[in-house]
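What follows is a set of notes on a single structure, which appears directly below.
In this note's numbering, the protein residues as written are 29 to 218.
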């Protein structure tokens with residue numbers, strides 16, 4: 029029997045996924061294959077070392093789909109234990125995807141680091157520019173203070189103001205209207 033015809037497919041269930049954590053894998057194999065052939069086929073195809081092979085035969089099962097009756101096919105199941113450190117990857121695309129994700133992550137870290145460095149350089153240039161502006165402004169203020177101080181020194185004497193004279197005017201006429209006395213109103217009770 030050819031090695032490539034011995035293994036039909038892997039059996040992927042919740043129970044077999046739990047067994048994979050113990051480095052044990054489950055396959056559907058040819059009905060006539062023996063343990064020695066199964067071991068050789070798995071070692072050849074997956075490039076791993078097999079330490080133990082257990083087999084069991086699963087009989088056909090009655091199955092009804094709607095009004096149609098039939099049977100599921102019988103098959104042989106092989107439970108294979110691998111040497112410590114060996115792993116069978118059922119999904120080779122996942123291995124490629126994980127490698128690509130790792131590359132992307134490192135690339136993203138490098139890019140983020142480069143962006144941080146560029147931002148620091150830009151910030152340093154901006155701080156230097158602001159410091160130069162501030163120094164120039166302070167220099168201008170000092171020169172303005174010196175020039176205004178020189179201009180203020182020759183003080184011009186101001187003429188004293190003459191006191192204001194009082195105007196005399198005619199007395200105001202008093203109004204003839206007299207004030208009316210305030211009338212108190214009593215509050216009415218209701």
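Where is the CB? At the ideal position from N, CA and C, for every residue including glycine.
{"Asked": "Check whether residue 84 and residue 105 have beta carbons under 7 angstroms apart", "Found": "yes"}
{"Asked": "Alpha helix (DSSP H) segment containing residue 84, residue limits", "Found": "Premise fails: residue 84 lies in the beta strand (DSSP E), 78-86, not in any alpha helix (DSSP H)."}
{"Asked": "Spatial neighbours of residue 63 in its chain, beta-carbon cut-off 7 angstroms, leaving aside the 5 residues before and after", "Found": "81 and 83"}
{"Asked": "Where the beta strand (DSSP E) through residue 44 begins and ends", "Found": "No beta strand (DSSP E) holds residue 44; the alpha helix (DSSP H) holding it covers 42-48."}
{"Asked": "Distance between residue 101 and residue 43 (C-alpha atoms, nearest Å)", "Found": "21 angstroms"}
{"Asked": "The stretch 107-123 contacting the stretch 147-167, beta-carbon criterion three pairs below 8 angstroms", "Found": "no"}
{"Asked": "Beta-carbon spacing of residue 103, residue 125 below 7 angstroms", "Found": "no"}
{"Asked": "Exposure label - residue 65; buried when at least 16 CB within 10 Å", "Found": "buried"}
{"Asked": "From 154, 132, 165 and 51, residue whose alpha carbon lies closest to that of residue 76", "Found": "51"}
{"Asked": "Whole-number beta carbon distance between residue 74 and residue 116, since they are thought to touch under 8 angstroms", "Found": "5 angstroms"}
{"Asked": "Rounded C-alpha distance that separates residue 70 from residue 127", "Found": "25 angstroms"}
{"Asked": "Distance, residue 37 Cα to residue 61 Cα", "Found": "14 angstroms"}
{"Asked": "Beta strand (DSSP E) segments (min. 3 residues) lying fully within the stretch 95-168", "Found": "96-100 and 103-110"}
{"Asked": "For residue 56: DSSP bridge partner residues", "Found": "37 and 105"}
{"Asked": "Buried/exposed call for residue 54, threshold 16 Cβ in 10 Å", "Found": "buried"}
{"Asked": "Alpha-carbon to alpha-carbon, residue 136 and residue 167", "Found": "46 angstroms"}
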